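Protein chains in written order, with the numbering used here: chain A, 1 to 372; chain B, 1001 to 1146; chain C, 2001 to 2330.
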Amino acid sequence: MTAPIICREDEVFVLNLGPQHPATHGVLRVKLTMDGEYVVKAEPVLGYIHRMHEKMAEDRTFAQFMPNTARMDYLHALAYNHGYVLAVERAAGIEVPERAEYIRVITVELNRLTSHLLWWSAFLLDLGGFSPLLYAFDDREQILDLLERVTGSRLTYCYFRFGGVYNDIDDDFITGTRNFIKRLRSRLPRFYHDLVTKNIILIKRLKDIGFVSKEQCRKYGATGPLLRGSGVQFDVRKNEPYSVYPEFDFDIPVYEEGDSMARYMVRMDEIEQSMRIIEQALDKLPDGPVRAKVPKILKPAAGDYYAAVEAARGSFGCRLVCNGGKSPYRLKLRSPTFSNLSLFGEVAEGMLLADALAFMGSLDLVIPEIDR
Amino acid sequence: MSEYWNDIFGGTKSLLVGLGITAREFFKPVVTEQYPWEVPVMMPRFRGHIELVKNGETGRPNCIVCGMCMRNCPSGCITLTGKKPEGEKKKVLTKYELDFTKCSLCGSCIEGCNFNAIQFSKDYNLASTRKEDYIFDLLKRLEEQS
Amino acid sequence: MDTSIWRPILYLIGFMAFAGVNAAWLGWAERKGAAHIQRRNGPKEVGPFGLWQPLADGIKLMTKQLLIPSGTDDILFRIAPILAMIPALTSMVVIPFSGNIQARPIDLSVLLIFALASIGMFAILLGGWASGNKYAVISAARVVSQSIAYEIPMLITVITIVMITGSMSLQDIAMSQQGGFWHWNIFRLEGGHFIYMWVGFLIYFICSVAETNRAPFDMAEAESELVAGYMTEYGSMGFGLFMMGEYLNIVVGACMTTILFLGGWGSPFGFMPGIWWFLIKIYILIFAIIWIRWTYPRTQIYKLLNLSWKILIPFSLVNLLVTAAFIKVF
């Protein structure tokens, strides 16, 4: 609700939202200038958990930096693994066996499901609904069990290697994944759509709230569901295909409205598209090795390389500058949420506090990724 | 005006459907794992902290003190020393220390090891209020295990 | 009426015990109910089914330091939690638990209850204001606007009941509904009131949920927006009293709904009326309130006011007119 505000300079007050606040999901601080319950000005303050990931890359070998990539966006760790691995593979000219590519796609998409399910539950928590959180976590745990079976960890996976993946998937994983997809398909309409999406309270809180226009998205470089919710069909998996994504048949959900509901729907549709991709990948899964022969110490030729992947929150880019040494000369990581959050200040102006927080939830922020 | 009535009747229906779903869930069994009473079994690939592997024949660690794990570790949490006893060709491990406060369980050390000398343990009940408890002496641990 | 000194003392002890037990164990019931809706176990360690959990919580809260932050209005800050308890406790004086369990039958008991309910709102207002915390102040402001918006349809609906019964005494209202569920106001056959009374019941129930600040109308303590609203600065038993006050308000709200619409202590089939029916009815209503809380997301303050002013108030006014017409015609 953006009613015109007539605000007097001396009647505004500053509200520090965060760094510890239930709705910021981490250590984000937003300096809100408020007039009553209306936000006059919103200014995100970052840097509370900056860990110098980019600088750390410069004094480690390429392989040693791998664990760091999982610790930026801890909810979609495998996509970040993938982006970094792709960049290094481009630099070193490594061919990846086909089976490994398929395994990468399957695990990345499973990880995307966990990310979207967690976003969904956390978003509902922002809106004050508790039970959906537990229902989504019930499903999410199943995926985590599957991923733990192949990768050995539940959150900060470090599964991809240059030239493949760490180790092969087994039949239990394949049948488990198929069963899980069946289970999620049967639960989606009831627990996700009947209970929440069609709920009048939710619709009233999300419809026409937090409008983000295409121009704003362009201006701030927003990507991911935020961009697709504003009616721009852009997905790195389709527009700049990498790995074996061109071989799958899937759609990019796009909604024109640009409000919180559109972003919500984009993510809900992406869950279904991810399931489609996983099913196709499992059907087409070829035999063969999962890891190419790669020297232990990589020394890519000097040059400038870039790889982008579609993470759950938008396009994650990895720019690698090599000087022929065994560690990167410079590694620039483009994290999607950083750009997405930059929008917040402009869009939140004139909103009610409750709406501003609902809007913030619909951006799907992961703070460690913003701060890197 | 039709929107107004739609909101009331459609909205009420959606609310009742929601109540129906939670009511049905209320009578279903619990799905959570009752942790201290139900102890989960770790997956075979579970990545706990590392531990040394014993050689089945000699009863001594497989480690030949090459130091690959130490060099591969991104966080520098492994320190190991070895010495060459008189009359033997190979080095023998005298101390293998893991600083678990820095370890991020990435497994680079295990991947770098060519002699199957270290493996992931299945320990996950690790809690302490003292930092010193996380400096593991893996050689001692290996002795205690046998 | 027996006017010995023992009567007030016994009632005082009885109400204190009833209020204390409810305030403590409704917290347990809420946690347990929420847990089972979410397919968890809830409290289960302290005693059988975690039944002694409220005692453990109480000891924990009482042994904590009563912290009064600097910059607060000291006196108001201390008064507010007590004020949250007292109106709810006082309301019990006029609630008829059964035909002969009522501390003091007052002719205008309906009026008294609603007057006390409005005072309960002041506790939150004062607590929020005295905290000197920005979140708490926002929460206090929300409570006032919400309270005003929801008392109007609530009172209009109560007027319909008063019109049907012709009395403002809770005792009389409950007495007029004895002898089977077809005499209850919500299903009242005589005069054909059952045709529209359920609308009044729904309006009243929604309002009583909003009046007690329960989800989905818990704007005052919306924890994802206002941290904990008016309770942000409260710890130890100050917080405990607010929580107890909230649960007592729920009990009083459920008692009122039962008396006004569900026949008070009357049994549904006309035999064995008594306090047990009253208790069964209020606990079903309380369970419904808990169930609602753990199903829906929270509304937003403007949507909440819209619901009141655009839907509930027009409907309750129409309801009032229809009631008048029915009374006149039949």
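Cβ coordinates follow ideal geometry from the N, Cα and C atoms, glycine included. A quick note: this is a predicted structure, and the numbers were derived from the prediction, not measured.
Subject >> Candidates C:GLY2238, C:HIS2193 and C:ALA2215: closest to ALA2325 of chain C by CA position >> reply: C:HIS2193
Original post:
So the beta strand (DSSP E) ASP35 of chain A belongs to, where does it begin and stop?
Top reply: 29–35
**OP:** Determine the extent of the alpha helix (DSSP H) in which PRO67 of chain A is found, giving its start and end residues.
**Re:** 66–70
Original post:
Is it buried or exposed for PHE130 of chain A, if we count other Cβ within 10 angstroms and need 16 for buried?
Top reply: buried
Original post:
Just to confirm, does PHE160 of chain A get its C-beta within under 8 Å of one of the non-hydrogen atoms of the ligand SAH?
Top reply: As for the ligand SAH, it is missing from this structure, which has no ligand bound.
Original post:
ARG178 of chain A and LEU282 of chain A look like a contact to me (Cβ under 8 Å); what is the Cβ gap, rounded to whole Å?
Top reply: 7 Å
**OP:** Starting from the C-beta of LYS1084 of chain B, find all residues in its chain whose C-beta is less than 8 Å away, skip the five residues before and the five after it, and write them out in chain order.
**Re:** LYS1090, LYS1091 and VAL1092
**OP:** Return no unless some Cβ of chain A is closer than 9 Å to the Cβ of PHE1100 of chain B.
**Re:** no
Original post:
With a cut-off of 9 Å, does the C-beta of TYR1096 of chain B fall near any C-beta of chain C?
Top reply: no
Subject >> DSSP three-state assignment for THR156 of chain A, whether helix, strand or coil >> reply: coil
**OP:** Report buried or exposed for ILE1135 of chain B, applying the criterion of at least 16 other Cβ atoms within 10 angstroms of its Cβ.
**Re:** exposed
Original post:
Which whole runs of the alpha helix (DSSP H) in the region 227–296 of chain A are 4 residues long or more, in chain order?
Top reply: 236–239 and 260–284
Subject >> Assumed close pair LEU2076 of chain C, TRP2129 of chain C - CB separation to whole angstroms, cut-off 8 Å >> reply: 7 Å
Subject >> TYR1124 of chain B, buried or exposed, once every other Cβ within 10 Å from all chains shown has been counted against 16 >> reply: exposed
Original post:
Looking only at C-alpha atoms, which of C:ILE2173, C:ARG2188, C:GLY2245 and C:THR2257 sits nearest to MET2154 of chain C?
Top reply: C:THR2257
Original post:
By the criterion of Cβ-Cβ separation under 8 Å, what are the contact partners of LYS1013 of chain B in chain C?
Top reply: Ordered by position in chain C, no residue passes the 8 Å Cβ test against LYS1013 of chain B, which lies about 14 Å from the chain.
Original post:
So is GLY18 of chain A buried or exposed if we call it buried at 16+ other beta carbons inside 10 Å?
Top reply: buried
Original post:
Taking 9 Å as the CB-CB cut-off, is GLN20 of chain A touching chain B?
Top reply: no
**OP:** Please determine if the region 2246–2264 of chain C and the region 2088–2096 of chain C are in contact, where contact requires at least 3 C-beta pairs separated by less than 8 Å.
**Re:** yes
**OP:** On a CA-only basis, which of C:MET2244, C:PHE2049, C:ASN2133 and C:PRO2054 is nearest ALA2019 of chain C? Give me that one, please.
**Re:** C:MET2244
Original post:
Does the beta carbon of LEU363 of chain A come closer than 9 Å to any beta carbon on chain C?
Top reply: no
**OP:** Return the residue from the list A:GLU256, A:ALA292 and A:ALA312 that minimises the CA-CA distance to GLU270 of chain A.
**Re:** A:ALA312
Subject >> ASP1099 of chain B: first and last residue of the uninterrupted beta strand (DSSP E) it sits in >> reply: 1092–1099
Subject >> Opening and closing residue of the beta strand (DSSP E) in which ALA311 of chain A lies >> reply: 303–311
Original post:
Skipping 5 residues on each side, what residues in its chain have a beta carbon closer than 7 Å to that of SER121 of chain A?
Top reply: PRO132, LEU133, ALA136 and PHE137
Subject >> Helix, strand or coil at PHE130 of chain A according to DSSP, with G and I counted as helix >> reply: coil
Original post:
Given 8 Å as the limit, is there contact between the region 2311–2328 of chain C and the region 2197–2206 of chain C, that is, 3 or more CB pairs closer than that?
Top reply: yes
Original post:
If you measure beta-carbon to beta-carbon, which residues of the region 2299–2311 of chain C are closer than 8 Å to chain A?
Top reply: THR2299, GLN2300, ILE2301, TYR2302 and LYS2303
**OP:** Please check if any C-beta of chain A sits within less than 9 Å of the C-beta of LEU1093 of chain B.
**Re:** no
Subject >> Cβ-Cβ separation, ARG276 of chain A to PHE234 of chain A (assumed contact under 8 Å), whole Å >> reply: PHE234 of chain A to ARG276 of chain A, Cβ: 19 Å. No contact.
Original post:
When the cut-off is 9 Å and only beta carbons count, does TRP2006 of chain C lie next to chain B?
Top reply: no
**OP:** State the start and end residues of the unbroken beta strand (DSSP E) segment that holds PHE1120 of chain B.
**Re:** 1118–1120
Original post:
In terms of residues, what are the limits of the alpha helix (DSSP H) holding THR2157 of chain C?
Top reply: 2134–2165
Original post:
Would LEU2226 of chain C be called buried (16 or more neighbouring beta carbons within 10 Å of its own) or exposed?
Top reply: buried
Original post:
Between GLY410 of chain A and chain B, is there a C-beta pair that is closer than 9 Å?
Top reply: In the structure as shown, chain A begins at 1 and stops at 372. Residue 410 of chain A is therefore absent and cannot be evaluated.
Subject >> Span of the beta strand (DSSP E), counted from its first residue to its last, around LYS41 of chain A >> reply: 38–45
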